[in-house]
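Trainee:
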Amino acid sequence: MSAFHGAAADVLFDAPQRSLPRSGFKRLEGTTWLNDEVISAYTWLLNERDAKYCAADPSRRPCYAMHTFFASTLHGSQSKTPERISRALSKYAVPLDVFSLDKWLVPINIGGMHWAAMVVHCQKMRVEYVDSMGGRGIEFMEGMLAFLKYEHRVRKGRELPPGWQMFSYQHTTPQQANGCDCGVFACITMDFIMEGLPFDFRQDDPEKLPEGAVVHDDMPRFRQVIGTSILAREAPASM
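So the sequence shown is numbered by the numbering used here: it starts at 9 and just counts up by one.
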């Protein structure tokens with residue numbers, strides 16, 4: 009991809025609260041670990057695509073994918089009051105009522121070493137955690153539920169309805185076979201969830217396959233898809 013070559017500081021993508029220099033974009037090359045700049049750029053594209061869907065179909069409930077800093081701020085604020093957490097998160101807020109959404113997606117950076125994703129099914133009253141390394145994510149889902157309870161009291165003037173559930177996919181979703189493609193998995197997982205697509209992609213671990221078996225790995229293609237989409241400023245219509 010020619011965009012990998014040039015001055016590292018050149019900005020290849022710019023949107024509200026998002027900026028992606030070439031140095032960050034180059035992380036899509038090979039098997040480099042993706043940083044927050046790439047993932048936040050892609051969530052912006054997912055939101056733009058969903059907005060077009062909603063404009064074409066006014067009856068459609070919108071979906072929304074958050075900036076990467078949202079989960080970091082939320083999870084790093086356990087010692088703060090709900091009011092202070094809400095203020096800290098305000099600049100990353102969804103531009104409409106969270107509880108009117110169909111799905112609310114949140115990329116999660118775990119210790120600066122791993123990416124996962126959380127999805128809030130706002131109408132089904134369900135918080136789900138998806139991790140390409142099989143993590144449970146209980147603390148993240150509990151933090152989200154606490155935040156939803158506070159937001160519901162503030163925005164609706166009443167308690168969050170009972171019956172909300174948490175669900176961790178763990179090893180039932182596609183799992184990575186290396187230590188560097190978690191960001192790609194997170195981006196594509198959020199994309200597929202927003203589109204309502206089955207998780208029909210995979211990355212085989214050669215060490216777990218019979219000798220001579222064909223190794224299947226969708227991640228190089230998805231890196232290309234993410235990069236092409238960012239340069240075109242348009243998420244793919246379908247995979």
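Here a beta-carbon is modelled for each residue, glycine too, at the ideal position from N, C-alpha and C.
#1: Around the Cβ of Pro170, are there at least 16 other Cβ atoms within 10 angstroms (buried) or fewer (exposed)?
#2: Where does Arg68 sit, in a helix, a strand or coil, going by DSSP?
#3: Where Phe107 and Ala221 are concerned, what is the direct C-alpha to C-alpha distance, given to the nearest angstrom?
#4: State yes or no: is the C-beta of Arg271 within less than 7 Å of the C-beta of Leu20?
#5: Near Arg26, which residues of its chain fall below 8 Å by C-beta distance, leaving aside the five closest residues on each side in sequence?
#6: With a cut-off of 8 Å, do at least 3 Cβ pairs link the stretch 155-163 to the stretch 195-213?
#7: Tell me the DSSP secondary structure of Asp199 in three-state form.
#8: Consider the Cβ of Met227: report whether some Cβ of chain B lies at a distance smaller than 7 Å.
#9: Report, in whole angstroms, the separation of the C-beta atoms of Gln183 and Arg144, which I expect to be a contact under 8 Å.
#10: Might you give, ordered along the chain, the residues of its own chain that have their beta carbon closer than 6 Å to the beta carbon of Asp18, omitting 5 neighbours on each side?
#11: For Pro8, collect the residues of the same chain with a Cβ closer than 6 Å to its Cβ; drop the 5 residues on either side in sequence, then sort them by chain order.
#12: Going by CA-CA distance only, name the one from Glu56, Ala73, Val114 and Cys71 that's closest to Ser80.
#13: Checking 7 Å against the spacing of the C-beta atoms, do Cys190 and Ser237 come in under that value?
#14: Straight-line CA distance for Lys164 to Asp105?
#15: Would you mind working out which of Asp225, Glu219, Pro218 and Glu203 sits nearest Arg210, comparing C-alpha positions?
#16: Does the distance between the C-beta of Val127 and the nearest non-hydrogen atom of the ligand NAP fall short of 6 Å?
#17: Let's see if you can read the secondary structure: which residues bound the beta strand (DSSP E) around Glu159?
#18: Measuring alpha carbon to alpha carbon, tell me which of Ala16, Phe77 and Asp58 ends up nearest Leu28.
#19: Looking at the secondary structure, which residues open and close the alpha helix (DSSP H) in which Ala79 lies?
#20: If you follow the alpha helix (DSSP H) that Val233 is in, where does it begin and where does it stop?
#21: Does the beta-carbon distance from Val128 to Val138 come in below 7 Å?
#22: Should Val233 go down as buried or exposed, given a rule of 16 or more other Cβ atoms within 10 Å for buried?
#23: Is the Cβ-Cβ distance between Leu239 and Ala11 less than 7 Å?
#24: Which residues does DSSP list as the beta-bridge partners of Gln25?
Mentor: Let's see:
#1: What you label residue 170 is simply residue 162 of the sequence shown in a count that begins at 1. With fewer than 16 neighbouring CB atoms inside 10 Å of its own CB, Pro170 falls in the exposed class.
#2: Locating residue 68 in the sequence shown gives position 60, where the first residue counts as 1. Coil at Arg68, not helix or strand.
#3: Counting from 1 along the sequence shown, the entry for residue 107 is found at position 99. Counting from 1 along the sequence shown, the entry for residue 221 is found at position 213. Each residue's alpha carbon lies about 47 Å from the other.
#4: With the chain covering only 9 through 247, there is no way to say anything about residue 271.
#5: As a first step, residue 26 is located in the sequence shown; it is residue number 18 there, counting from the start. Closer than 8 Å at the Cβ level, and outside the excluded window around Arg26, lie Glu45, Ser48, Ala49, Trp52 and His75.
#6: no
#7: In the sequence shown, residue 199 corresponds to position 191, counting from 1. Helix, per DSSP.
#8: In summary, chain B is missing from the structure at hand, where a single protein chain is found.
#9: Indexing the sequence shown from 1 puts residue 183 at position 175. Indexing the sequence shown from 1 puts residue 144 at position 136. Going by Cβ atoms, the distance from Gln183 to Arg144 rounds to 14 Å, so no, they are not a contact pair.
#10: Translated into positions along the sequence shown, residue 18 becomes position 10. Around Asp18: Arg30.
#11: Lying before the first or after the last residue shown, residue 8 is absent from the chain, which here runs from 9 to 247.
#12: Numbered from 1 along the sequence shown, position 72 holds the residue referred to as residue 80. It is Val114 whose Cα lies nearest to the Cα of Ser80.
#13: Taking the sequence shown and counting its residues from 1, the one referred to as residue 190 is at position 182. Taking the sequence shown and counting its residues from 1, the one referred to as residue 237 is at position 229. No, Cβ-Cβ distance for Cys190 and Ser237 is not below 7 Å.
#14: Taking the first residue of the sequence shown as position 1, residue 164 is located at position 156. Taking the first residue of the sequence shown as position 1, residue 105 is located at position 97. Spanning the alpha carbons of Lys164 and Asp105 requires a straight line of approximately 10 Å.
#15: Start at 1 with the first residue of the sequence shown, and residue 210 comes out as number 202. The option with the nearest alpha carbon to Arg210 is Asp225.
#16: In terms of ligand content, the structure shown is empty, and the ligand NAP therefore cannot be addressed.
#17: Here residue 159 is taken as the residue at index 151 of the sequence shown, counted from 1. No beta strand (DSSP E) holds Glu159; the alpha helix (DSSP H) holding it covers Ile146 to Lys164.
#18: By one-based count along the sequence shown, residue 28 stands at place 20. Comparing Cα-Cα distances from Leu28 to each of Ala16, Phe77 and Asp58, the minimum goes to Ala16.
#19: Within the sequence shown, residue 79 is the residue found at index 71, counting from 1. The continuous alpha helix (DSSP H) containing Ala79 extends over residues Phe77 to His83.
#20: Along the sequence shown, read from residue 1 onward, the residue named residue 233 stands at position 225. Its alpha helix (DSSP H) spans residues Met227 to Ala240.
#21: Mapped onto the sequence shown, residue 128 falls at position 120. Mapped onto the sequence shown, residue 138 falls at position 130. It is not a contact, given that the beta carbons lie outside the stated cut-off.
#22: Here residue 233 refers to the residue found at position 225 of the sequence shown. The residue is buried, with at least 16 neighbouring Cβ atoms inside 10 Å.
#23: Position 231 of the sequence shown, counted from the first residue, corresponds to residue 239. Position 3 of the sequence shown, counted from the first residue, corresponds to residue 11. Leu239 places its beta carbon less than 7 Å from that of Ala11.
#24: As a first step, residue 25 must be located in the sequence shown, where it is residue number 17. Its beta-bridge partners do not exist; DSSP assigns none.
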